[in-house]
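Residue numbers (the numbering used here), protein chains in the order written: chain A, 1 to 500; chain B, 501 to 624; chain C, 625 to 1222; chain D, 1223 to 1718.
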Amino acid sequence: MIEHLPVLLVTVPIVAALLILLLGWHDSRFCYPLTLATILFQFAGGIALLIEVMREGTIHYYLGGWAPPLGIEFVIDTFNGYILPIVLLLALATAVYARRSVEKEIKPEKIVSFYVLFQLLVTGLVGMTITGDIFNLYVFLEISSIAAYTLIASSRKPRAYVAALNYLVLGSIAGGFVLLGIGNLYVATGTLNMADLARLLPASYGLATVHTAFLLLVIGFSIKVALFPLHLWLPDAYTEAPSAVTVLISTVMAKVSVYAMFRVIFSVFTTAYFVETVPVTELILFIAAVAIVAGAVLAIAQEDLKRMLAYSSVSQVGYIVFALGVANQIALEGGLLHILGHAVMKGCLFMVAGVIIYRLGTSSFSDLKGVAATMPVTCAAFALAGASMIGVPPTIGFASKYYLVLGALEAGHWVYAAVLLAGSLLAVGYIWRFIEVAYFSASSHHEGGDHHPAPGVREAPLSMLVPMVILSILCLVLGIFVDPLMKIVAPAVSLLLGGA
Amino acid sequence: MEAVLEAFLSHYNYGMAIILMMIGLYALIAKQNLVKKLIGLNIFQTAIFLFYISFADVEGGIAPIYLPEGMEAIYVNPLPHVLILTAIVVGVSVTAVGLSLIVRIYEEYGVIDEAGLLKMVKRR
Amino acid sequence: MIGLPPAFIYLLGILFLPFFAGRARKAWTLFAGVVGVVLALGLSPSVPEIVIRVLPGIDTVLLTVDPMREVAGGIFAISGLIVLVYAVYRDLPLVETIGILASIAAAMGVVYAGDFITVFVFWEALALASIAIIWSSRSPGSSAAGYRYILYHIFGGACLLSGIVYTLVSTGSAAIGPVADGPGLLFILVGIGMNAAFIPIHTWLPDAYPKASVVGSVALSIFTTKAAVFLLAGVGGWGVAVAYMGGAMALYGAVFALMQDDLRRLLGYSIISQVGYMVAGIGVGSVAGVDAGLAHMVNDILFKSLLFMAAGAVILRTGSHRLSEMGGLWRTMPLTTLSCIIGGLALAGLPGLNGAVSKGMVIEAAGSVPYLAPILMVAAVITVIYVFRILYLGFFRPAEGTREGLLPKDPPVPMLLAMGATSLLCVAIGLFPHLLTDFLPGGTPAHPFAASYLLESAGIFAVAGVLLALARPLRRSWDGFENDIDALYIRAGRAVVWFSSHPLVEVTDAIGRGIGRVVACFQYVSANPGVAIQIAWRKLALPFVRIFGGRERSAAYEKELAFLRDNYPEVQTNIWGGGYGIIFICIVAFLYFLFSLT
Amino acid sequence: MVDVTGLLPAVTVVIPLLAAVMILVSGRHENIRDGFTVAAAVAMLVSVVAMLPSILSGERITISLIPLLPGGDLALRVDAFGMVFALTAAVLWLLNSFYSIGYMRSLKEHAQTRFFFCLAVAIAAAIGIAFSANLVTLLVFYEILTIITYPLVVHVETPEAMAAGRKYLAYLLIGGIFFLAAVILTYILTGTTGFVPGGFLAGSAPPLTLQILFVLFMVGFVKAAWMPLHGWLPAAMVAPTPVSAFLHAVAVVTAGVFGIVRIAGWVYGMDLLASLGLGTLLAVIASFTIITASLFALTEDNLKRRLAYSTVSQLSYILLGVSMLSIAGMTGAMAHIPIHAFLKITLFFVAGAVIVAAGRERISDMKGIGRKMPVTAVMFSAAAIGICGLPPLSGLISKVYLALGAVEGGVPILLIVLIASTVLNAAYFFPIIHTMLLGRPDDERSLDSVSEPPLTMLVPIVLTTVASVLIFFFPSMPFMDLVEIAIGEITGSVIP
């Protein structure tokens, strides 16, 4: 069983999705446990694979027994072995969280299709993570994207349609760019397997075709990860989507896109190419720095919690891409750490936003005065995750920032290190708006204990509370036990820097 | 100049792919009507398909069909064709989703042009 | 005898003071005073030193005895007891009682301290005790005067500390001794000089002493300046500069005393003048000089406190402290008048009273420094004149100041007792100088009845008499001249306050506002950066449009700008249109690479 | 120096954290909740004191908790200097706990659970700062302290408080970021961040880099409230008085100056500071702060704000001591940490007592208040006298050492600063003393409702004052002894 685990991770959920569809037609109550069970299986599988990879080294799985270059290959090495559990952890948390949230935010008749699409989205992302074939990557990308468009549109809010269409158009352009890039790579080498590509490409590094491919792929993935000037789809999509969907796409999908970008840049083109042949690191650093600042500045100005968090994502993506720009061991360690950290904390924050929408029906700051009095646990979770976002030690956000700055300084990028630090200060600006409103505004000004909560406003239901609290505690726990984590991250980074 | 023209003419199908791509992107950006935008997207994707098919072509090659015993022929590269079949499927799905979204938008707002939509969205 | 630092007796007295009230409190204070005297007189150089090590590296000597300390300690203890007796006449406020006891304790502490750190501690305690005395009188002006007093003394204390530190560093020990030349000398001189009322840092004295209560001013007059003189003698090794400073003080104090109308202010200047004699003596530096200074210190304590006590009695009975409002008191207050005469003549240096003993010694010792003796003699002449003014204007001239129906009588018995005892001491020392001089560390003898000195005294009195006879104004009362250099200091202090309450606060406020504006600007921009940049850019371009565009165009332009501004937060940048530019960039890059394909 | 491994440092940090959890859990039952606060304070004090003998015998207790980041594990090491801070904080926290309980209950403040929770976490962070074995650990606890004190500062939740809170956060977090940058830079330069007596930076980088690094550290320790980065401190005076006391004496500003002394003695070392000319920089900053802050205090009518400026001024005494780069100066700097803390907390306690018992915050409204609150007013006077450096209170001790340091370090000009500062201190404190003890109220009846504060507040006031007096008479028990050991550690010599 374990040797077929890679393919099972993809096929089982597809089957499960069909099953959900069929059973859900019969009775929609089946959907939730089925989804949960599938994702639980996937999560367990992901962990098992990680352990296997850490113990035995890279796993190659030939789909249908066809060896590359003819067949499609699933490869699990330390890098995606690290990403996979993150993806599935967040997916699991979201799945647990989704049930109550979906009841409120999605029309009842759409609930079955929601779970199906949810399942497909996760599957697509898992596929993207573990595949070793670059065209396969594209296919999974499109699968997850289409699922995401529809999931966003499943909200009750009509504006979600516009947001989804917006995302669809930009996402398709991104997909087109990626496809073109893959075509160019194929022209240059005649193979689609990533490992083969990495082997064959150095011979044709000088070719314009390769440059074009690089550019197209980077631009394509930049749109998908919402790197600053290409982030335009993100705020609307995150804001208008149902909360559970927001959690999923903001954490898992964004992270997998980043993974793909890293994978293509490091494992296909190798460090030598993009640091020496096409020296774009300075440019990437610059863009990342702009993204960090601009995203945070835009976030500060928002009047809506969810929208603010969306812009915060723009800023945080900048941190991860920053690591790409520095491209040394320490900074990349920080970058990978931030992939995990940001997934956990942003997941928690969006969950809080979802809970608030669930209870209050709005996430506009002006309506959230003193919400901490009625929802103490939720707001405490926000405070903790927010502290991590700011980078207060000893949270995970601090650890990743520490590594990033360390890496940047080691590479001699003084100014950019300063920008990075300033970015975390700006993070204070937006995180604190909520803290202030929730904890310290006039309507919470009651004598300890005998406040008068608005009717219906109380602490979140347990199924939403638990994943949220776990994620927020994870922010702290991961930050404290960052050293064991580095035992996984460090080899992953060495792998990236050492080539495929 | 001669050489450039020569080069361009010899790769005219790539040129056409680029031109198509630009047309598609132009439509995406400049057209106010959402359906026309989607058509632009389709044109863009078609251009990519064309690009793939072009580089798969081998001068004098024939379709990679299994030939009777003893016959020899130069095949065009079959892999890009296979890939592009997948891509076409993706393109169709995207178009379908996009169109259904436009239908919903029309139901909700009663407009399918961008400017009007912005106005409607803001009003709500 | 027990080797206990006498200061501790008084401190113990303070410690238990809050538990007594009324008569019991008075009895307790008197008891403490008596024990103090007994202890102080019993100490002899054979008593072992008490050394404790509180701070790492610094030996703290709480008790050490030598002849000089015996003299000073004895006189402080005795005069302290006298003050306490004097104070019995009424229930003093608790704070004032504490202040008086603390003053005695601090002065005793300074005297018996064997190292600079201990001296410094008691030095500062003396200032605190004094301020307690001044403030507890609650008389008008006492709060401001007390405030100024403490500022001067804290400044002086800090200077003293700085000087001490120099000795510590240069000698490696805190033992009391001369300070090496350099900034340290200056610091320590200012430090001691502040308490000794050197010119021009003397102004606290005439400023604060008149504001204290009747008892308070007696206590104040004894300790602060004399403790400083003692320390000056103890440190030793001074140059002639200090001697001349003494001369200057003697003259300056005398002249200003002459110009006063407020009795206690006059006596305050008189203290400066007399301290000048002591400083001159110590500044001369010879054994005889130091002995003379110490002797004069003892005598000045006696006759000056006597005068202050008499003044206090007068103020108590008449309610007036201005010479111009007194007069004819000898009829109704004979005993007070007698004390005042004894004190005054002692101050003036009449042979047979104690002032003459030491004044002669000082002038004799000053002979070794050019011009010093003549200066002191001139001061002595002026002293005679103002003593005459006190006696004449206050007691002997026809009563015009006292109102009908108010017949001041002699003060209560405790006061009389205290004054009597002091008078007795004055007379005793005056007649038998060896009572004092035998105790002096150098053993310098005094010979007030030697012919040369009698001649000298006669000369001084004669000159003073002639002047008084010739210049009638000297015999008249006048409105006191109450300005001194402190007007300058006060102005400087006010300038500091003004500076910190106006320019400083305003500047910081302005900086704060500026930062606030920057933050506000940042917030404004971040609300909608695209449009904000548009507004900024358009505003920059506005002048050019005005110049180069037509009237209509610029009007339209301004209208647009105003619209943008008015609807600022709502005006969103067109998101779809914003994507335009980005996609355009993609296309350009794309084309570039595609065409480089060939 | 002998390093021994022991669990006590970690226990000391964990006790208040546990208490914080228990406070949250028992929030509904006032007495139980406050019981936890007190119990934790006692337990922590016991735990700190339990370490004292071994520290005094020259040992250092170390414990490495977990590996955290490159450059530093989360590790604790109790040395003499850390003990100075920890002991101060532990003792004052116990007193402050009683005081806070009295204060909060008397005023019937809202959100008391949050208040005590934050206090408990904050003291844990403060102890953590005291016991940090390396810069990373220091940074971790430093930032926690910043964040957790924010709810305390904005406790009253008025718009004014919120604005002050923003200011507080802005200053401290920006400072924290500079600190972070400095820590990382240190690590890059040397490959370590662990404190080494006498410093470890020497020769690791060109002078300019080290100078810049020092400036980063200085800005990082903005908690030391040196000018012109002091703005947060007076603003934070909107907080309830126990918080002010906590900020000014127990933890926050003390943590700032503690950090600077740590950096000077254990990262740079005095020789390196001297050769880099950083003493001069520090001296200029400190002198400017001392004088200017005193001038501000001179005109402030709000008692707490005046005290805040006084703190700003007094903290720079410590910087001044460091800047002298002499043994005596360093001794004075270290000794001034506990000395100032004990004195200043008394002053704030009194300010709070006046608010509770009389509802007055302005000095001009306090005329004659000493008649009704004699003990409180006398204690205030005593502490104020102590701050001025007058006997018989502890302030004199550090002043003597600072003066010694100035001469020993060859910078007698700093004596002038000390003198001016002493005079200015007197200039702004003595009017308060006069007003309280001897002033005549404008309306005699207005004092009728005034009385001494409840015992839970009065007793801490008296105790801190008595402590200050005791420190004067017995400075070596234990503070000067600890300081002596610490000085011996960084200089390799013993105080003469």
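Note that beta-carbon positions come from the ideal geometry of N, C-alpha and C, so glycine has one too.
If you're wondering where the values come from, they're calculated on a predicted model, not measured in any experiment.
Residue contact with chain C for Leu298 (chain A): present (Cβ-Cβ distance below 8 Å to some residue of chain C). Chain D has no Cβ within less than 8 Å of the Cβ of Pro69 (chain A). In chain order, Gly871, Ala874, Tyr901, Ala904, Val986, Ile987 and Ala990 place their CB closer than 7 Å to the CB of Leu1000 (chain C), counting only its own chain and leaving out the 5 sequence neighbours on each side.
With a cut-off of 8 Å on Cβ pairs, the segment 1614–1626 of chain D is in contact with the segment 788–807 of chain C, counting three or more such pairs.
In the three-state reduction of the DSSP assignment, Pro69 (chain A) falls in the coil class, being assigned neither a helical nor a strand state.
The continuous alpha helix (DSSP H) containing Leu1692 (chain D) extends over residues Leu1677 to Phe1695.
Look at Thr212 (chain A) here: in three-state DSSP terms it is helix. If you look at Ala1297 (chain D), you'll find it isn't in any alpha helix (DSSP H); it sits in the beta strand (DSSP E) that goes Gly1294 to Val1300. In its chain, beyond the 5 residues on either side, Gly657 and Val661 have a beta carbon closer than 6 Å to the beta carbon of Leu705 (chain C). By DSSP's assignment, Gly1416 (chain D) forms a beta bridge with D:Asn1356. Of the candidates D:His1470, D:Thr1502, D:Phe1422 and D:Met1552, D:His1470 places its Cα closest to the Cα of Leu1529 (chain D). For Val981 (chain C), the enclosing alpha helix (DSSP H) stretches over residues Asn978 to Ala990.
Closest in alpha carbon position to Ala93 (chain A), among A:Val489, A:Leu476 and A:Ser472, is A:Ser472. Those residues of the segment 593–621 of chain B placed with their C-beta closer than 8 Å to a C-beta in chain A are Ser593, Val594, Val597, Gly598, Leu601, Ile602, Arg604, Ile605, Glu608, Tyr609, Leu617 and Val621, ordered along the chain. In this chain, the beta strand (DSSP E) harbouring Glu1281 (chain D) covers Glu1281 to Leu1291. Of the residues assessed, Leu1064 (chain C) falls on the buried side of the cut-off, its CB having 16 or more other CB atoms within 10 angstroms. The distance from the Cβ of Val437 (chain A) to that of Leu368 (chain A) is about 5 Å, consistent with a contact at the 8 Å cut-off.
The beta carbon of Leu409 (chain A) sits closer than 8 Å to some beta carbon of chain D. Chain-order list of chain A residues neighbouring Asn1191 (chain C): empty, with the shortest C-beta distance near 15 Å, by a criterion of under 8 Å. The Cβ-Cβ distance between Ala1404 (chain D) and Phe1439 (chain D) falls below 8 Å. Taking 8 Å as the cut-off, the Cβ atoms of Gly479 (chain A) and Pro394 (chain A) count as close. Taking 8 Å as the cut-off, the beta carbon of Ile529 (chain B) is found no closer than this to the beta carbon of Ile543 (chain B). Taking a cut-off of 8 Å for Cβ pairs, the segment 1574–1591 of chain D and the segment 1484–1491 of chain D do not touch, as fewer than three such pairs fall below it. With contacts defined by Cβ atoms closer than 8 Å, Gly697 (chain C) and Pro630 (chain C) form a contacting pair. Among the bridge pairs identified by DSSP, Ala799 (chain C) is matched with C:Asp739.
Distance check between Leu1112 (chain C) and each of C:Arg649, C:Ile758, C:Gly1173 and C:Pro824 places C:Pro824 closest, using alpha-carbon atoms only. When the alpha-carbon of Gly386 (chain A) is set against those of A:Val371, A:Arg156, A:Thr374 and A:Val352, the nearest one is in A:Val352.
DSSP places Ser155 (chain A) within a strand segment (E or B) once states are collapsed to three.
Annotation for Ala417 (chain A): Val405, Ala408 and Leu409 place their beta carbon closer than 7 Å to its own, counting only its chain and skipping 5 residues before and after. Unbroken alpha helix (DSSP H) runs of no fewer than 4 residues, entirely contained in the segment 143–197 of chain A, are found at 159–189, following chain order.
Under a criterion of Cβ atoms nearer than 7 Å, the residues of chain A adjacent to Lys537 (chain B) are, in order, Val169. For Ala1151 (chain C), the closest Cβ of chain A is nearer than 8 Å. Thr1227 (chain D) sits exposed, since fewer than 16 C-beta atoms from the chains shown fall within 10 Å of its C-beta. When secondary structure is reduced to three states using DSSP, Ile1561 (chain D) falls in the helix class. In the structure shown, Asp1587 (chain D) adopts helical secondary structure according to DSSP, grouped into three states. For Val187 (chain A), at least one C-beta of chain B is nearer than 8 Å to its own C-beta.
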